[in-house]
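Going by our numbering, the residue at position 70 of the sequence shown is 115; the numbering climbs one at a time, nothing skipped. First the structure, in the form of structure tokens, and then the observations on it.
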Amino acid sequence: MRQGHKVLALLLTFTMIAVACGSDEADEATPAATTAAPVEVATVGEHLGDGSLGMVEVGPGEAIQIRSLNAISGDVAFLGIPNENGIRMAVEDYGQIGGHDVDLGTGMDDLCSADGGQAAA
46 MRQGHKVLAL
56 LLTFTMIAVA
66 CGSDEADEAT
76 PAATTAAPVE
86 VATVGEHLGD
96 GSLGMVEVGP
106 GEAIQIRSLN
116 AISGDVAFLG
126 IPNENGIRMA
136 VEDYGQIGGH
146 DVDLGTGMDD
156 LCSADGGQAA
166 A
């Protein structure tokens, strides 16, 4: 048993020496970033793609209509209600989009079921 302890102690000693004598060149060679690179802000048109999937046009003076489909009742309401509140808070915080008001309307309740999802769709 003593022989095993001696071998273990010897291995630990060599390991500690190897770690202490190791080179730190890799750490010094990698410079730390001091400032973030400037980010180019894209326009709304650049995010819309080429229109091959279709487009929704909102006329002058019309509001953008947004509807949600969440589980907002029953045992899983704790999943959908925060989503509804988050959407509402984001719209209130951001305001208009491209000069158009945003209308949230009434969110649909999918009841967290296939039937509820089909009915809402």
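The beta-carbon is built from N, C-alpha and C at its ideal position, and this holds for glycine as well. Bear in mind the structure is a predicted one, so any value in this text is a computation, not a measurement.
| Asked | Found |
| --- | --- |
| Delimiting residues of the alpha helix (DSSP H) encompassing V101 | Note, V101: premise wrong, no alpha helix (DSSP H); not H, not E. |
| Closest by C-alpha distance to P127, when choosing among S113, D146, Y139 | S113 |
| Cβ pair A116, D155 closer than 9 Å | yes |
| N- and C-terminal bounds of the alpha helix (DSSP H) containing D160 | 159 to 165 |
| Among G125, L124, V147, the one whose alpha carbon lies nearest that of A135 | V147 |
| Simplified DSSP assignment, three categories, for Q141 | coil |
| From I142, A122, G140, G144, residue whose alpha carbon lies closest to that of M153 | A122 |
| CB contact flag (M103, G143, <9 Å) | One detail in the question is off: residue 103 reads as Val in this sequence, not Met. Cβ distance < 9 Å, so V103 and G143 count as in contact. |
| Which of helix, strand or coil DSSP assigns to L56 | helix |
| Contacting residues, own chain, Cβ-Cβ under 8 Å from L124 (five flanking each side not counted) | N115, A116, C157 |
| Whole-angstrom distance between G162 and I132, CA atom to CA atom | 19 Å |
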